[in-house]
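Working notes, beginning with the structure itself.
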Amino acid sequence: MLGVDSFFPKQCVGCGKRGWFLCPDCRAGLARVSPPFCPRCGRPQMSGIMCARCRRSRADLDGIRSVFIFEGVIREAIHQLKYHNLRAISSCLAEFQAAYLSANSLPGEIVVPVPLHPGKLKQRGYNQSSLLVREICHLTQLPAVEDCLVRVKRSRPQVEASSAEERRENVADAFACRDGRVRGKRVILVDDVRTSGATLESCAGALKREGAISVWGLTLACEI
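Set out below in structure tokens:
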């Protein structure tokens, strides 16, 4: 019996080589986020101490870590997952996040995806962050909690906001927890891309209001 790959063969999103979504050569060329970086927001910076933006702001989010810089092949891979219905690539991408967790031991007992607004979810048909979380939890054996954190306000896309302040205002009070499964838990909050961190911060506020002890964000990539 022919498998799915016989009809829809894997093809590297970077170079087009058959057999992988990301071939070994393209994987090797991905720009990783490496120290030194701000210990809170995870942005690369030479000093390795808390950046000026984080020193000025009060944060519910305990910290953010990103695996890659949002450019080149990883940018294309995320766009294929997010906008072109290439759901099958989620397992490949989640491997990077699971490996990061194994190597860096972020404090976390449960894994929660950043949710989409129900209208956006209906339009897209899936939440890319939920796909990543399922694969991460399969690889790490951490439990996933997918339907506790919900988006209650449909904001315009964050990429349309022109400043960090606009992004914060755009997602203010956009999220809520609808039950107590995060109470007393250390949460790893998963998303695909960190731009300003405003979405993760708003999610963290909702999680901590419901009793989460700590919230760390983990994204595939970050804009710098």
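In this text, residue positions in the sequence shown follow our numbering: the first is 275, and each later residue adds one.
C-beta: ideal position from N, C-alpha, C; glycine also.
These figures come from a predicted structure and were not determined experimentally.
So what does DSSP say about ASP299, is it helix, strand or coil?
Taking the sequence shown and counting its residues from 1, the one referred to as residue 299 is at position 25. It is helical.
State whether the region 300 to 309 contacts the region 442 to 451, with contact taken as three or more CB pairs (one from each stretch) at a distance under 8 Å.
Because the criterion of three Cβ pairs below 8 Å is not met, the region 300 to 309 and the region 442 to 451 do not touch.
For the beta strand (DSSP E) that contains ALA450, what are its first and last residues?
The residue given as residue 450 occupies position 176 in the sequence shown. Looking at the DSSP string, the run of the beta strand (DSSP E) that includes ALA450 is 449 to 451.
Would you say ALA495 and VAL456 are within 7 Å of each other, going by their C-beta atoms?
For this step, residue 495 is matched to residue 221 along the sequence shown. For this step, residue 456 is matched to residue 182 along the sequence shown. Their beta carbons are not under 7 Å apart, which means ALA495 does not touch VAL456 by this criterion.
Which class does SER404 belong to by DSSP, given the choice of helix, strand or coil?
Counting from 1 along the sequence shown, the entry for residue 404 is found at position 130. Residue state, collapsed to three classes: helix.
Do GLN319 and LYS356 have their CB atoms nearer than 7 Å?
Numbered from its first residue, the sequence shown carries residue 319 at position 45. Numbered from its first residue, the sequence shown carries residue 356 at position 82. Going by C-beta atoms, GLN319 is not nearer than 7 Å to LYS356.
Along the chain, which unbroken stretches of the beta strand (DSSP E) at least 3 residues long are found entirely within the region 306 to 358?
Counting only runs of 3 or more, we get 337 to 343.
What number of angstroms, rounded off, separates the C-alpha of CYS325 from the C-alpha of CYS312?
On the sequence shown, residue 325 is found 51 positions in, with the first residue counted as 1. On the sequence shown, residue 312 is found 38 positions in, with the first residue counted as 1. Taking the straight line from one Cα to the other gives about 6 Å.
For the beta strand (DSSP E) containing ALA495, name the first residue and the last one.
Taking the first residue of the sequence shown as position 1, residue 495 is located at position 221. Per DSSP, ALA495 belongs to the beta strand (DSSP E) from 488 to 496.
Run through DSSP, which three-state label would ARG292 get?
The residue you call residue 292 lines up with position 18 of the sequence shown. Three-state result, ARG292: strand.
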